[in-house]
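Student: Before I ask anything, here is the structure I am working with.
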Amino acid sequence: MFEIAEELKKLPDQPGVYIMHDSRDAIIYIGKAVSLRKRVHQYFQASHDEGIKKAQMVKQIARFEYIITDSELEALVLECNLIKEHRPKYNTMLRDDKTYPYIRVTVGEDFPRVLFSRQQKKDRSRYFGPYTSAGAVKDTIELINKLYQLRTCNRNLPKDIGKDRPCLNYHIHQCNAPCQGYISKEEYRQRVDAAVEFLNGNYAPILKSLQEKMMAASGEMQFEKAIEYRDLLNSVKQIAQKQKITHNDGEDKDIIALAADDRDAVVQVFFIRDGKLIGRDHFYVKIGNEDTKEQILTTFVKQFYSGTPFIPREIMLPEEIDDHEVLAEWLGEKRGGKVYIRIPQKGMKEKLVELAQKNAELVLSQDKEKIKREEGRTIGAMKEIAGWLDLSGLQRVEAFDISNINGFETVGSMVVYEKGKPKRSDYRKFRLRTITGPDDYASMHEVLTRRFTHGMREQEEMQEKELGEEYGSFTRFPDLIMMDGGRGQVNICLKVLEELHLNIPVCGMVKDDNHRTRGLYYNNIEIPIDRGSEGFKLITRIQDEAHRFAIEYHRSLRSKEQVHSILDDIPGIGPSRRKALMKKYQSLEAIREATAEDLADTESMNEKAAQAVYEFLHKDAVL
C-alpha cells in the first residue's frame, strides 16, 4: 500500500521530475521541480491553491514516483520528453508538439552558416542543444556571427560569388563578404571551426571578454552599452548550461547502473530512444554475501534482455562484466544488428551512468521496503497461486468474463496479468456474433474459441514470416486461464482447448453467497485459499478487473444503442438521409404525416427511398 504521507517524507531536496499515477496506475501528470521535496509537498497542502483543475488531479493521485537530475535544465528537458511519450491527461498545456531549439551549423556547405532550428534532421549539419530558451539561442547566434564575422545570407556559395553586391553586414564590418570572394574558403572555415569550438563548450574566453566589456562600459557611464553586454553575457551563460537528457546522435540506448549493500541491490535502467531519455525502471535484486557487482550486472543483463522484445544498439554499464563480448554477440543476434556493450569513461555518457547510479542509490536507500512489498503484491502473489495449483513458471494469466443484461448485447472480456501486474495493451473485448439471449456458457465458448483460433492463426503467420511472437496481437498464450465461475465455466474452457488441441491449465474463481471469491476450482476440486494472503488479493483484483472491463464495454454499446433511430431500420436510409429528414421535419410524427412526394423532395432523398420510408411508417405494425 502506497502511503502518500510516508512517501512525502522521503522526497529529496534535489531537482528532478515527478510522475503522478492514479488508482489504475495510469500516468495522469508529469512535472519538474527545482526541489522535489518542496514542489510535491505543495500538492498535498490544504492551504496551497493550485486551481480547480489541479485540485481534481490531486484527488486522483494514488501514488507518485520521481527521477532526480543534476540541474533544473535537465529536469525541464526530461519533463518534455516524458510528457510527449506518455501524454498525461492533466498536462494539457504541454501536449502540443513544440520542441526545444537547437543551434545548427551547416558544416556541409563550403561557407557554413550558424542558424536557429526547431528540428534535428539527419543532414550534413551539426546540431547543438537542445536549449530551453529560444531567446538565448537567437542572442547567441547573433553574438557568434558578430564575433567570427560569419555570413547570414541564403546565397548559394560558391556558385553565386560575384553575382550581387555585398550586403549591409559587410559595410558595417560584421561579415567578410565570401559572396565577393574577399575571404578564402580555408580562412572562413577556420572562423567556423572557432565558432564550433565555442559551441562545444569553450565559453571561458567569450564570457571573460563580455564581462570585461560590460564593466568597462559601466565605468565609462555607458549604461545602455553595459546592459547590452550584460544581456549577451546572460544568454551565453544559458547556452553554456549542459544537459545530458537529450543526445544529438539520435541513437537507442539503455543506461544501466547498480546500487548494492550487504543484502540487497537495485538496478536502475534508463531508456533512451531516438536520443531522448523517455523513461526508467528499477529492479530489486536479491544477492548473496559473495556476489560481486560484476556478477550481479552480468546476471541482470542476461535475464533482462532474454525477456524483453526490444534490444537497443548500445548498452552502457558502470563497469566491465563477465563475457561481455559473448553477451554482445548474443544480443546482436536477437536484435538483428550490431549491439555494443560499453563502459563510458568521460563525457555525457559517463554523466548519464552517474545519474542512473544516483537514482539507483536513492531507490535502494528510500524505497527498498516498498519494492519488496510491491514484489510481494505481484510476483510473490503469482508464486503463491502457482504453489496452490502446483504449477511452475507461472508468468502470464488470462481471465475471461461475460456481461449482458437480459441477453442484450452480450459481450466478453479478456484481461491479462503478467508477473502479477495488468498488461492493458493485451486486453481484448468480444462482441458476440452467434449467441442471442442470456446463455453464458455458449457465449464463453464463442469467446474462447475466437481468442485461441485467432492466436493459432497468428502463430502460423508469424512462423511463415519468421517473426517473433511480440509482433502478433493474440500470439502469446497464457500459462494459466482463470474463469469467472466454477465447474461449469471451467468445463466449457477445457472443452474449447480439447477441440483446438491445446494444453493450458484452467482454474475457476469460485465465489461465495456474498459474491466474494472463496477458492479456486482446479482439477475437479475446490482449493481453499487464505483470504489474508497476497495471492488471494491478486485473484480478487484479476476477477474485479475482468468484470469491470466487460461491464465498461457493455455500457458503451448500450449508450450507442440508446441513440438508435427507427429510421435506421428502413432499407436505403443511412445516416445522411436520416439527418436530412430530421432536419426538415423535426420529428418522427411529422415524417409520418408527409406524403411520399414530399419526402422525395428532401435533400439526398429519391423516389425509391421516399416510398420505402412512407411504406415503413404506414404499415400496420406497432412502431
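Sequential numbering from 1451 applies to the sequence shown in this note's numbering.
Virtual Cβ for every residue (Gly too), placed ideally from N, Cα, C.
Since the model is a prediction, treat every value here as computed from it, not as a measurement.
1. Can you have a look at P2025 and say buried or exposed, based on whether 16 or more other CB atoms are within 10 angstroms of its CB?
2. Could you pull the DSSP bridge partners for Y1867 from this structure?
3. Using a Cβ distance threshold of 8 Å, determine whether the stretch 1804-1813 contacts the stretch 1502-1522, with at least three qualifying pairs required.
4. Please classify D1773 as buried or exposed, where buried requires at least 16 neighbouring CB atoms within 10 angstroms.
5. Please identify the residue among G1938, I1942, V1946, N1953 whose C-alpha is closest to the C-alpha of D1929.
6. Using the beta-carbon count (16 or more within 10 Å), is R1601 buried or exposed?
7. How should T1742 be labelled, buried or exposed, when 16 other C-beta atoms within 10 angstroms of its C-beta is the threshold for buried?
8. Cutting at 6 Å between CB atoms, please list the residues of its own chain near G2022, excluding the five before and the five after it.
9. Excluding the 5 residues flanking E1769 on each side, which residues of the same chain have their C-beta closer than 8 Å to its C-beta?
10. Could you tell me which residues DSSP pairs with A1971 in its beta bridges?
11. How close, in whole Å, do the beta carbons of M1766 and I1706 come, if the pair is a contact with beta carbons under 8 Å?
12. If we require 4 or more residues per run, which alpha helix (DSSP H) segments fall completely within the stretch 1904-1941?
13. Going by the beta-carbon positions, is the gap between V1866 and D1876 smaller than 7 Å?
14. Kindly give me the distance between the Cβ atoms of V1735 and A1715, rounded to whole angstroms, as I take these residues to be in contact under 8 Å.
15. Straight-line CA distance for Q1506 to M1665?
16. Alpha carbon to alpha carbon, what distance is there between E1800 and T1860?
17. Am I right that A1831 and G1985 are in contact with their C-beta atoms under 8 Å? What's the rounded C-beta distance?
18. If we ignore side chains and look at the alpha-carbon of each, how far apart do Y1494 and K1509 end up?
19. If you draw a straight line from the C-alpha of P1628 to the C-alpha of N1531, how long is it?
20. Just list the residues that DSSP pairs L1565 with in beta bridges.
21. Helix, strand or coil for V1490, going by three-state DSSP, please let me know.
22. Out of R1907, T1884, K1635, D1731, which one is the CA nearest neighbour of K2088?
23. In the DSSP assignment, what are the bridge partners of V1719?
24. What did DSSP end up calling V1861 once you bin it into helix, strand or coil?
25. Using three-state DSSP, classify A1483 as helix, strand or coil.
26. State whether the stretch 1584-1602 contacts the stretch 1551-1570, with contact taken as three or more CB pairs (one from each stretch) at a distance under 8 Å.
27. Can you tell me whether F1452 is helix, strand or coil according to DSSP?
28. Going along the chain, which residues of its own chain have a beta-carbon closer than 7 Å to the beta-carbon of L1458, five neighbours each way excluded?
29. May I ask you to report which of helix, strand or coil DSSP gives E1529?
30. So, for F1648: in the same chain, excluding its five sequence neighbours on each side, which residues have a beta-carbon less than 7 Å away from its beta-carbon?
31. For A1525, count neighbouring Cβ atoms within 10 angstroms of its own Cβ and tell me buried if that reaches 16, exposed if not.
32. Is the beta carbon of Q1939 sitting closer than 7 Å to the one on G1958?
33. In chain order, what are the residue ranges of uninterrupted alpha helix (DSSP H) at least 4 long that sit wholly in the stretch 1609-1693?
34. Ignore the nearest five residues each way along the sequence and tell me which others in R2042's own chain have a CB closer than 8 Å to its CB.
35. Could you check where the alpha helix (DSSP H) with H1774 kicks off and where it finishes?
36. Please work out which residues of its chain come closer than 6 Å, Cβ to Cβ, to A1849, disregarding the five sequence neighbours upstream and downstream, and give them in chain order.
Tutor: Let me lay it out:
1. Per the 10 Å Cβ criterion, exposed.
2. DSSP lists V1847, P1872 as partners of Y1867.
3. At 8 Å Cβ cutoff, the stretches touch.
4. Taking all protein chains shown into account, D1773 has fewer than 16 neighbouring C-beta atoms within 10 Å of its C-beta and is therefore exposed.
5. The shortest C-alpha separation from D1929 is found at N1953.
6. Buried is the call here.
7. Result: exposed.
8. Once the five neighbours on either side are set aside, the close Cβ partners of G2022 are A2059, A2062.
9. Short of 8 Å from the beta carbon of E1769, and not among the five residues preceding or following it, lie these beta carbons of its own chain, in chain order: K1743, E1744, L1747, I1793.
10. The sequence shown places Tyr at residue 1971, rather than the Ala named in the question. In the DSSP assignment, Y1971 is bridged to G1958, E1976.
11. Confirmed, about 7 Å.
12. You should have found no qualifying run.
13. Taking a C-beta distance under 7 Å as the contact criterion, V1866 and D1876 qualify as a contact pair.
14. Confirmed, Cβ separation roughly 4 Å.
15. Note on geometry: alpha-carbon atoms of Q1506 and M1665 lie some 51 Å from one another.
16. C-alpha separation (whole angstroms): 57 Å.
17. Right, their Cβ atoms sit about 5 Å apart.
18. It is Phe, not Tyr, that sits at residue 1494 in the sequence shown. So the alpha carbons of these two residues sit roughly 10 Å apart.
19. Taking the straight line from one Cα to the other gives about 40 Å.
20. Looking at the DSSP assignment, L1565 forms a beta bridge with R1554.
21. In the structure shown, V1490 sits in a helix (DSSP, three-state: H, G or I).
22. There is simply no residue 2088 to check, as the chain begins at 1451 and stops at 2073 in what is shown.
23. Answer by DSSP bridge pairing, in chain order: I1706, D1731.
24. In the three-state DSSP reduction, V1861 falls in the strand class (E or B).
25. A1483: strand per DSSP, three-state reduction.
26. For the pair of segments examined, the stretch 1584-1602 was found to touch the stretch 1551-1570: the number of CB pairs separated by less than 8 Å reaches three.
27. Coil at F1452, not helix or strand.
28. V1490, H1491, F1494, listed in sequence order.
29. E1529 carries a helical assignment under DSSP once its states are collapsed to helix, strand and coil.
30. In the same chain as F1648, and ignoring 5 residues on each side of it, the C-beta atoms closer than 7 Å to its own belong to I1594, I1656, in chain order.
31. Within 10 angstroms of the beta-carbon of A1525 lie 16 or more other beta-carbons, which makes it buried.
32. In this structure, G1958 lies closer than 7 Å to Q1939 by Cβ.
33. If you keep only unbroken alpha helix (DSSP H) runs of at least 4 residues inside the stretch 1609-1693, you get 1618-1621, 1635-1649, 1654-1669, 1673-1690.
34. So the qualifying residues of the chain are L2067, H2068.
35. H1774 -> alpha helix (DSSP H) spans 1774-1785.
36. Around A1849: V1865, M1932, I1992, A1996.
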